[in-house]
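Trainee: Chains A and B are the protein sequences, given in the same order.
So the first sequence is residues 637 to 860, counted in the numbering used here.
So the second sequence is residues 637 to 860, counted in the numbering used here.
Got a structure for you, questions after.
2 protein chains.
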Amino acid sequence: MRYNNMGTAVKAGRPRSFCTDTVLDRAMTVFWRQGYEGASLADLTDAMGINPPSLYAAFGNKEGLFRAVLERYDALRQDLMNRVLAAPDPRAVARLFLEGVAEFAVHTEGRTPPGCLLVQSGLSCSDADIPEALAEHRAEKERALRERFERDKKAGRLPTDANPATLASYLVAMANGMCVQASAGATAEQLHNIVEVALAAWPGSGETSPSGTNDEPSWRAHPG
Amino acid sequence: MRYNNMGTAVKAGRPRSFCTDTVLDRAMTVFWRQGYEGASLADLTDAMGINPPSLYAAFGNKEGLFRAVLERYDALRQDLMNRVLAAPDPRAVARLFLEGVAEFAVHTEGRTPPGCLLVQSGLSCSDADIPEALAEHRAEKERALRERFERDKKAGRLPTDANPATLASYLVAMANGMCVQASAGATAEQLHNIVEVALAAWPGSGETSPSGTNDEPSWRAHPG
DNA sequence: CTAATTTTGTATCGAACGATACACATGTAG
DNA sequence: CTACATGTGTATCGTTCGATACAAAATTAG
């Protein structure tokens, strides 16, 4: 038995000619732009630069490839979620989350379509497993936010009558809605305007903030 | 030339055996539940109770049927939009709109899937005309809200520095986001909680309302 | 080296896709 | 009635779909 430079075992047989993450990134753009059912195997293999047998050997079938793409998508977004969850207070969590989503949704650098894969690639499909898988991935983010807000509430960083689940659900709904807008061509400025309005809804807005960050009301025509 | 009881001309030839709106309603549920590309012609003709030649004679092709379904969907939602736009002030517009969307999104009476056809049926497709058609229909609602808010601003029912376009975009994004939540199984109570938070963002919230409707802060755990 | 193992490229499978040809049914026009 | 026009049902078109069979290529194991 031989080992590579990472200490993992090298299997016998012909080695793979492609990098898993690279082909997943390419498949991601196809699913993102065309949706799960609109992405044909020919589209996928063309974009990935591999042939069908390689795809099926690596990912099982089309749904397996899609699920692998979703995991890869989460990994690419993990840094953002980590920064969001590391924010000092719930208001900063909300702001970093919505601003981060707005940034990702439009600032694609041509590598991906605008919007969010978890919203665009299959809310409705002939195979209900696909919308379900997407919903689970979205719910994962909502759960992380809710648990953060539950800790904030216990620590006194939210009013005692605040509802962490509702606040998390509000943020995720807002984010998903912004992604729908982005997929239809909304600009970064339009999304950031929406974010400013959305943050005005946050507990403590509209009054002098106890933390001293007295934000400008966000529904104004020309903030600043 | 003969005329029917509505005064319209009766064409020569064998008459249609189906009601256009009825078959469109049935096609709507298929597109809604399975998405544009996930809805096969066999699925559609089965649900509509007609054969392919009848479908093609009446609607041209699959995309033509889909566009007819979108028009039908708008017609079914027109009453809600009329009531929303007839509200006395912008805050009432926002509340009626979001509450109406929340109601429609979950209260389907088994006839349709939860959510919104304009969000679920094809944000991404191999044929880009479909997402574009959906975006136009969504933008139509946003435009109606924006024009209403522009009139409100001129009439002094909104602050002089309010941004009607941003407020309309915020409401539509919120509505679309709630529909995404609904499609994944959110309950009416969860959506209404989100609506309460969303309305707290509205200009004038957080202070004693000038109209005297001093709404309960909406991010509370147990409103009322 | 030979044997075993795994991936690759080509070529293609049966099923499902969107869309139609065509004969028959059912109406109006005169 | 005949002539014409339109819709319906069956049966099927060519294409594309997701998925594989198979043999050659490329590696490890001994």
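Heads up, the beta-carbon is just placed ideally off N, CA and C, and yes, glycines get one too.
Bear in mind that the values here come from a model prediction, so they are computed numbers and not experimental data.
Just mark B:Glu-673 as buried or exposed, buried being the case when its beta carbon has 16 or more other beta carbons within 10 Å.
Mentor: Working through the second sequence from its first residue, we reach residue 673 of chain B at position 37. B:Glu-673 is buried by the Cβ-count criterion.
Trainee: Three Cβ pairs or more, each shorter than 8 Å: is that satisfied between the stretch 800-807 of chain A and the stretch 778-791 of chain A?
Mentor: Touching, yes.
Trainee: Could you give the residue range of the alpha helix (DSSP H) that holds A:His-828?
Mentor: The residue labelled residue 828 of chain A in the question sits at position 192 within the first sequence. From DSSP, the alpha helix (DSSP H) with A:His-828 extends over 824-836.
Trainee: Which bits of chain B does A:Arg-774 rub up against, with CB to CB less than 9 Å?
Mentor: Walking along the first sequence from the start, residue 774 of chain A turns up at place 138. By Cβ distance, chain B contributes Val-816, Gln-817, Ala-820.
Trainee: By DSSP's criteria, A:Arg-638 is part of a beta bridge. Which residues make up the other side?
Mentor: Here the question's residue 638 of chain A lines up with position 2 in the first sequence. Answer is A:Val-646, bridged to A:Arg-638.
Trainee: At a Cβ threshold of 8 Å, is A:Pro-619 touching chain B?
Mentor: Residue 619 of chain A lies beyond the stretch modelled for chain A, which goes from 637 to 860, so this question has no answer here.
Trainee: With three or more C-beta pairs closer than 8 Å as the rule, is the stretch 682-690 of chain A touching the stretch 764-777 of chain A?
Mentor: Short answer: they don't touch.
Trainee: Mind listing the chain A neighbours of B:Val-742? Cutoff is C-beta to C-beta under 9 Å, in chain order.
Mentor: Sequence index remark: in the second sequence, residue 742 of chain B carries index 106 (1-based). Per Cβ cutoff of 9 Å: no residues; B:Val-742 is ~13 Å from chain A at best.
Trainee: Helix, strand or coil for B:Ala-683? Go by DSSP, reduced to three states.
Mentor: Counting from one through the second sequence, the residue named residue 683 of chain B turns up at place 47. Looking at B:Ala-683 - three-state DSSP - the assignment turns out to be helix.
Trainee: Any C-beta of chain B sitting closer than 8 Å to the C-beta of A:Asn-697?
Mentor: In the first sequence, counting from the first residue as 1, residue 697 of chain A sits at position 61. False, the Cβ-Cβ gap to chain B never drops below 8 Å.
Trainee: Are the C-beta of A:Val-737 and some C-beta of chain B separated by less than 8 Å?
Mentor: In the first sequence, the residue the question calls residue 737 of chain A occupies position 101. Chain B contact via Cβ: absent.
Trainee: So what's B:Ala-711 in DSSP terms, helix, strand or just coil?
Mentor: Residue 711 of chain B sits at position 75 when you count from the first residue of the second sequence. Residue state, collapsed to three classes: helix.
Trainee: Do you know whose CA, among B:Thr-744, B:Leu-807, B:Asp-763, B:Ala-764, lies nearest B:Ala-775's CA?
Mentor: Numbered from its first residue, the second sequence carries residue 775 of chain B at position 139. Considering only alpha carbons, the answer is B:Leu-807.
Trainee: Distance check for B:Arg-703 and B:Gly-696, CA to CA, integer angstroms please.
Mentor: Walking along the second sequence from the start, residue 696 of chain B turns up at place 60. Walking along the second sequence from the start, residue 703 of chain B turns up at place 67. In a straight line, the C-alpha of B:Gly-696 is about 11 Å away from that of B:Arg-703.
Trainee: Could you pull the DSSP bridge partners for B:Ala-675 from this structure?
Mentor: Locating residue 675 of chain B in the second sequence gives position 39, where the first residue counts as 1. DSSP lists no partner for B:Ala-675.
Trainee: Between the alpha carbons of A:Ala-730 and B:Gly-736, how many angstroms are there, rounded?
Mentor: On the first sequence, residue 730 of chain A is found 94 positions in, with the first residue counted as 1. On the second sequence, residue 736 of chain B is found 100 positions in, with the first residue counted as 1. Using only the alpha carbons, I get a separation of about 26 Å.
Trainee: Closest to B:Gly-821 by CA distance: which of B:Pro-724, B:Ala-741, B:Cys-655, B:Met-810 is it?
Mentor: For this step, residue 821 of chain B is matched to residue 185 along the second sequence. Cα-wise, what sits closest to B:Gly-821 is B:Ala-741.
Trainee: Taking the Cβ atom as the reference point for each residue, do A:Ala-837 and B:Val-833 lie within a distance shorter than 8 Å?
Mentor: In the first sequence, the residue the question calls residue 837 of chain A occupies position 201. In the second sequence, the residue the question calls residue 833 of chain B occupies position 197. A contact, by the Cβ cut-off of 8 Å.
Trainee: Using only CA atoms, which one of B:Arg-727, B:Met-810, B:Phe-733, B:Gln-817 lies nearest to B:Val-720?
Mentor: Here residue 720 of chain B refers to the residue found at position 84 when the second sequence is read from its first residue. That would be B:Phe-733, whose Cα lies nearest to the Cα of B:Val-720.
Trainee: State yes or no: is the beta carbon of A:Glu-673 nearer than 8 Å to at least one beta carbon in chain B?
Mentor: For the purposes of this step, residue 673 of chain A is taken as residue 37 along the first sequence, with counting starting at 1. Judged by the 8 Å Cβ criterion, A:Glu-673 is in contact with chain B.
Trainee: State buried or exposed for B:Lys-698, treating a residue as buried only when at least 16 other CB atoms are found within 10 Å of its CB.
Mentor: One-based indexing of the second sequence puts residue 698 of chain B at position 62. Buried, since its Cβ has 16 or more Cβ neighbours within 10 Å.
Trainee: In the DSSP assignment, find the alpha helix (DSSP H) that holds A:Asp-765 and state where it starts and stops.
Mentor: Within the first sequence, residue 765 of chain A is the residue found at index 129, counting from 1. Segment 765-790, the alpha helix (DSSP H) holding A:Asp-765.
Trainee: May I ask you to verify whether the stretch 743-754 of chain A touches the stretch 643-657 of chain A, counting CB pairs closer than 8 Å and requiring at least 3?
Mentor: No, they do not touch.
Trainee: Note down the Cα distance separating A:Ala-648 from A:Ala-694, rounded to an integer number of angstroms.
Mentor: As a position in the first sequence, residue 648 of chain A is number 12, starting the count at 1. As a position in the first sequence, residue 694 of chain A is number 58, starting the count at 1. Near 16 Å, if we compare the C-alpha coordinates of A:Ala-694 and A:Ala-648.
Trainee: Identify the contact partners of B:Arg-669 in chain A, using a Cβ-Cβ distance below 7 Å as the criterion.
Mentor: Stepping through the second sequence from its first residue, residue 669 of chain B is reached at position 33. Result: Ser-760.
Trainee: Can you tell me whether DSSP reads B:Ser-757 as helix, strand or coil?
Mentor: Position 121 of the second sequence, counted from the first residue, corresponds to residue 757 of chain B. Coil at B:Ser-757, not helix or strand.
Trainee: Roughly how many whole angstroms lie between the Cα atoms of B:Tyr-692 and B:Cys-752?
Mentor: If you number the second sequence from 1, residue 692 of chain B lands on position 56. If you number the second sequence from 1, residue 752 of chain B lands on position 116. In a straight line, the C-alpha of B:Tyr-692 is about 26 Å away from that of B:Cys-752.
Trainee: Quick check: what's the CA-CA separation for B:Ser-757 versus B:Val-816?
Mentor: To locate residue 757 of chain B, count along the second sequence from 1; it is residue 121. To locate residue 816 of chain B, count along the second sequence from 1; it is residue 180. Near 11 Å, if we compare the C-alpha coordinates of B:Val-816 and B:Ser-757.
Trainee: Identify, in the order they occur along the chain, each residue of the same chain with its Cβ nearer than 8 Å to the Cβ of B:Arg-713, setting aside the five sequence neighbours on each side.
Mentor: The residue you call residue 713 of chain B lines up with position 77 of the second sequence. So the qualifying residues of the chain are Phe-740.
Trainee: Could you tell me whether the Cβ of A:Met-810 comes closer than 8 Å to any Cβ of chain B?
Mentor: What you label residue 810 of chain A is simply residue 174 of the first sequence in a count that begins at 1. It does: the Cβ of A:Met-810 has a partner Cβ on chain B nearer than 8 Å.
Trainee: Along the stretch 823-844 of chain B, what residues have a CB closer than 7 Å to any CB found in chain A?
Mentor: Result list: Gln-826, Asn-829, Ile-830, Val-833, Ala-834, Ala-836, Ala-837, Pro-839, Ser-841, Gly-842, Glu-843.
Trainee: Name the chain A residues that come within less than 9 Å of B:Val-720, Cβ to Cβ?
Mentor: Start at 1 with the first residue of the second sequence, and residue 720 of chain B comes out as number 84. By Cβ distance, chain A contributes nothing, its closest Cβ being about 17 Å from B:Val-720, past 9 Å.
Trainee: Hey, how far is the Cα of A:Asp-765 from the Cα of B:Ala-675?
Mentor: Position 129 of the first sequence, counting from 1, holds the residue named residue 765 of chain A. Position 39 of the second sequence, counting from 1, holds the residue named residue 675 of chain B. Going by the C-alpha atoms only, they are around 15 Å apart.
Trainee: Start and end of the alpha helix (DSSP H) containing B:Glu-739?
Mentor: Translated into the one-based positions of the second sequence, residue 739 of chain B becomes position 103. It spans 726-742 - the alpha helix (DSSP H) in which B:Glu-739 sits, taken as one unbroken run.
Trainee: Tell me the rounded alpha-carbon separation between A:Leu-781 and B:Val-659.
Mentor: Locating residue 781 of chain A in the first sequence gives position 145, counting from the first residue. Locating residue 659 of chain B in the second sequence gives position 23, counting from the first residue. Cα to Cα, the separation comes out at about 43 Å.
Trainee: Comparing alpha-carbon positions, which option in B:Ser-805, B:Pro-749, B:Lys-790, B:Thr-796 lies nearest B:Gln-670?
Mentor: The residue labelled residue 670 of chain B in the question sits at position 34 within the second sequence. Cα-wise, what sits closest to B:Gln-670 is B:Pro-749.
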